[in-house]
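Residues in the sequence shown are numbered consecutively from 3, following our numbering.
Beta carbons: idealized from backbone N, C-alpha and C, even for Gly.
For clarity, every value in this text was computed on a predicted model and none was experimentally measured.
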Amino acid sequence: MKKAGYKNLDQLLVENEERVSLSTRVKKNTKSFLDSEAKARHLTVSSLAAAILDDYANTFLKKKKGK
């Protein structure tokens, strides 16, 4: 049985790929989500982001303490 060869990363990447990186797409989606939610709730984006982070931190800490 012949062993399958693997291509290195340079061979897999397309040189002229014009796709936006994942981190940029996530940032764009997050920004649009925060903008729309803040507008719907009559809050500033920073207030909404702070509340989301606070809730996440509290939830994460409770789960971690419960282990």
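Nearest-angstrom Cβ-Cβ length linking residue i and residue j, presumed shorter than 8 Å
i	j	result
R43	L50	7 Å
T32	A40	With a Cβ gap of about 12 Å, T32 and A40 do not count as contacting.
Own chain, CB closer than 6 Å to residue i, minus 5 neighbours either side, in chain order
i	result
A53	none
Three-state class that DSSP yields for residue i in the structure shown
i	result
T32	helix
T46	coil
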